[in-house]
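Novice: Right, I'll just put the structure down here and ask away after.
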Amino acid sequence: MTNNENEKKNELGQESQLYDLRKKQLECTIITTNGVPVKGFIEAYDRFVVLVRTSAGKQSLIYKHAISTILANK
Numbered sequence: 001m002t003n004n005e006n007e008k009k010n011e012l013g014q015e016s017q018l019y020d021l022r023k024k025q026l027e028c029t030i031i032t033t034n035g036v037p038v039k040g041f042i043e044a045y046d047r048f049v050v051l052v053r054t055s056a057g058k059q060s061l062i063y064k065h066a067i068s069t070i071l072a073n074k
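Structural data, given as C-alpha cells:
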C-alpha cells in the first residue's frame, strides 16, 4: 500500500467513528496532542475540524491535526 492509500484508509476509519458518535449522540472524550481532554458530544465535523458541545453547553472547535485520541464514554 502506498502512503496515499493508507491515509485514505485511516480517514475512512475516522469518518465512521465520528459518524457513529454524532448520529447516536454518544458522549466522548477527545484528547488533544498536548494532553488536554475535551469531554462532550460531537455536533459536527468535516475534513479538518470537529465541533464538540460540552455538558455545560459550550462549543469547542478542535482541528483534527490536534487530536491524539477519541474515546467513547460508556
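First residue of the sequence shown: 1, per UniProt numbering; consecutive thereafter. Using N, Cα and C, we set each Cβ at its ideal position, and we do this for glycine too. In this text, all values refer to a predicted model and were calculated from it rather than measured experimentally.
#1: Between which two residues does the beta strand (DSSP E) containing K58 stretch?
#2: Answer with buried or exposed for G57, where buried requires no fewer than 16 other C-beta atoms within 10 angstroms of its C-beta.
#3: Starting from T33, trace the beta strand (DSSP E) in both directions and tell me its first and last residue.
#4: Between N73, H65, Y45 and T69, which has its C-alpha nearest S55's C-alpha?
#5: Cutting at 6 Å between CB atoms, please list the residues of its own chain near V38, excluding the five before and the five after it.
Specialist: Well, looking at it:
#1: As a first step, residue 58 must be located in the sequence shown, where it is residue number 58. It is not in any beta strand (DSSP E) - K58 carries neither H nor E in the DSSP assignment.
#2: As a first step, residue 57 must be located in the sequence shown, where it is residue number 57. It counts as exposed.
#3: To locate residue 33, count along the sequence shown from 1; it is residue 33. Segment: none, T33 is in no beta strand (DSSP E) and carries neither H nor E.
#4: Looking up residue 55 in the sequence shown gives position 55. The candidate whose alpha carbon is nearest that of S55 is N73.
#5: The sequence position of residue 38 within the sequence shown is 38, counting from 1. I30, V52 and S60.
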